[in-house]
Amino acid sequence: MPDPSDQLDDHILVASFKNEQTREEAFTKLVHKYQERLYWHIRRMVVEHEDTNDILQNVFIKVWKNLAEFREESNLYTWLYRIGTNEALTWIEQQKRRSSVSISENEDVFAERLTAQKDFDPNMVEWKLQQAIHTLPEKQKLVFNLRYYDEMPYEDMAGVLGTSVGALKASYHHAVKKVEAFLKGI
Amino acid sequence: MNKENGISQELISMDSFLAGYSRKMPYSAPAGYFSNFGAELTGTIEILDKPELMPLWGRALPYFVPGGYFEALTDHIVSMAVTSDAISNMPVGSSYNVPAGYFETLPGQMLLAAKASDVEVKTHAKLIPLRRRKGRSTIRWAAAAVMLMCIGLGSFEAFYSGAQPSHEKMLSSVTSGDIHDYLQHTYRLDVDQIVSADINNLQVDSKDIIQYLNETGWDQTE
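Sequence lines, in order, name chains A and B. The first sequence begins at 1 in my numbering and counts up one residue at a time. The second sequence begins at 1001 in my numbering and counts up one residue at a time.
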């Protein structure tokens, strides 16, 4: 997550983007810098690579259209993660509506997507952990992923999810216990 | 790796065995995905900004056109145009004769006819009640039917039962002269002789009497 030097880089990127002459170059750098982080953040939610690619493209198109109005009240990466989170959640909601599944059934849908992944091995602890994570509710899954995999500070996570630091800590604690319970039960 | 240690420390503080787990994802992105992603995204954005750059995925249409269609099309269109010209150049006049002054008087006649139909409509204007109750017309019809039935039954009772005379009364109204004429005419009987005759002095054979009685339904043994 961004160091002060990293934040300076982000500030320069935004300023360069706002300059029409350097906009495309700045955008290319921005994409190169954040594509993997955003990709994994989205893919941990939706599992499939093709769906992740579609959502990721939508995220950066939104960035292209709106970065000129970005007022830097939050960190750039927090803003990017917020867009990525909202796009992923919107996509999940659309999938739910299309398939008319309930929330509990939706968790089973992601479990099926996992088992359908190439090289899925239920004996590998990494696959088991993913199965456990996908039993969590969407918001709790987000909290767990952002903390466990992205190592995002709670303060930045609050900016991404619009929730207080205390609530996020409690949510993460509960998510860890649920994941442990699932893994012990296997 | 302060942050990784921080995450692990946090899990340890929760007494969670996840602290010792690998945080490596079990699946990966396709090879070369990230190196190509930027260029692909830039291309997409260029198309969004400049719709005229939308790629043309082949302009060939999969539809079948009959052979010689376009070669014959010109002549076909020209002939249609000529025909339509011929129709438009036809004389406007009609072959029917219209009576003199017909169109001059027609508006006045139409107005009179319209006014007449208006009056008829007004005299027979339908009164529409402000409030219509559901089933009210049904109740009215039913009530009218019941009244008619009552009137009919009453009439029937009055005409046939009250005014109908008894058989005795009807018989008493028949005169002796009518009976006399009836017997004489129908059975050719000499009623006067029968009436005045003494039955004890009748010269009638008993066999004739028996035969008569048998013919009229009496049994000899009775």
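Yeah, the Cβ is synthetic: ideal placement off N, Cα and C, and Gly gets one too. All of these numbers come straight from a predicted model, not from anything done at the bench.
Report the neighbours of V179/A on chain B: residues whose CB is nearer than 9 Å to its CB, in chain order.
Here the neighbours are S1016, L1018.
Is there at least one Cβ from chain B nearer than 8 Å to Q57/A's Cβ?
So yes, Q57/A belongs to the interface.
Measure the C-alpha to C-alpha separation of L76/A and L1041/B and round it to an integer number of angstroms.
Each residue's alpha carbon lies about 19 Å from the other.
Quick check on E87/A: buried or exposed, where buried means 16 or more other Cβ atoms within 10 Å of its Cβ?
With 16 or more other Cβ atoms within 10 Å, it is buried.
Please state whether DSSP places D119/A in a helix, a strand or coil.
Coil at D119/A, not helix or strand.
Counting only Cβ pairs nearer than 8 Å, list the residues of chain A close to I1007/B.
The contacting residues are R147, Y148, E151.
Comparing the C-beta of L67/A with each C-beta of chain B, is any distance below 8 Å?
For L67/A, the answer is no, since every Cβ of chain B falls outside 8 Å of its Cβ.
Which residue marks the beginning of the alpha helix (DSSP H) containing A15/A, and which one marks its end?
4-18 is the extent of the alpha helix (DSSP H) around A15/A.
In angstroms with no decimal places, state the Cα-to-Cα distance between H174/A and G1020/B.
Computed Cα separation, rounded: 18 Å.
From this set, G1006/B, S1155/B, R1023/B, which residue's C-alpha is nearest I133/A's C-alpha?
If we check each option's Cα against that of I133/A, R1023/B comes out closest.
Consider the Cβ of G1038/B: report whether some Cβ of chain A lies at a distance smaller than 8 Å.
Interface residue, yes.
If you draw a straight line from the alpha carbon of E1046/B to that of A1039/B, how long is it in whole angstroms?
Taking the straight line from one Cα to the other gives about 11 Å.
Following the continuous alpha helix (DSSP H) through D150/A, name the residue where it begins and the one where it ends.
Careful: D150/A lies outside any alpha helix (DSSP H) and carries neither H nor E.
Candidates A167/A, V179/A, G162/A, T28/A: which alpha carbon is nearest Q130/A's?
Nearest of A167/A, V179/A, G162/A, T28/A to Q130/A, Cα basis: V179/A.
Just reading off the alpha helix (DSSP H) that K1146/B is part of, what are its end residues?
In the sequence as displayed, the identity of residue 1146/B is Val instead of Lys. 1136-1156 is the extent of the alpha helix (DSSP H) around V1146/B.
Quick one, which of W79/A, N123/A, R23/A has its alpha-carbon nearest Y34/A's?
Ranking the options by Cα distance to Y34/A, first place goes to W79/A.
Run down chain A in chain order and give the residues with a C-beta less than 7 Å from the C-beta of A1029/B.
What A1029/B touches in chain A: Y39, H49.
If you follow the alpha helix (DSSP H) that Y81/A is part of, which residue opens it and which one closes it?
Taken as a continuous stretch (DSSP letters only), the alpha helix (DSSP H) holding Y81/A covers 76-99.
Since G185/A is in the alpha helix (DSSP H), which residue starts that stretch and which ends it?
Per DSSP, G185/A belongs to the alpha helix (DSSP H) from 165-185.
Only counting the same chain, and skipping five residues up and downstream in sequence, which positions put a Cβ closer than 7 Å to that of L136/A?
Answer for L136/A: F144, A175, K178, listed in chain order.
Look at the Cβ atom of V59/A, then the Cβ atom of L38/A, and state whether they are nearer than 8 Å.
In contact: V59/A and L38/A (Cβ atoms closer than 8 Å).
On the premise that I1007/B lies in contact with E151/A, defined as a C-beta separation below 8 Å, what is that separation, rounded to the nearest angstrom?
Contact holds; Cβ gap of about 5 Å.
Would you say I1012/B faces chain A, with C-beta separation under 8 Å as the test?
Judged by the 8 Å Cβ criterion, I1012/B is not in contact with chain A.
Look at the Cβ atom of Y154/A, then the Cβ atom of L142/A, and state whether they are nearer than 8 Å.
Contact flag unset, no.
Between E36/A and chain B, is the shortest Cβ-Cβ distance under 8 Å, so that the two count as touching?
Yes - at least one Cβ of chain B is within 8 Å of the one on E36/A.
Between which two residues does the alpha helix (DSSP H) harbouring R23/A extend?
Per DSSP, R23/A belongs to the alpha helix (DSSP H) from 23-46.
Looking at C-beta atoms only, is the number of pairs between the segment 16-31 of chain A and the segment 82-97 of chain A that lie closer than 8 Å three or more?
Cβ pair count under 8 Å is below three, so no.
Just mark L1106/B as buried or exposed, buried being the case when its beta carbon has 16 or more other beta carbons within 10 Å.
Under this definition L1106/B is an exposed residue.
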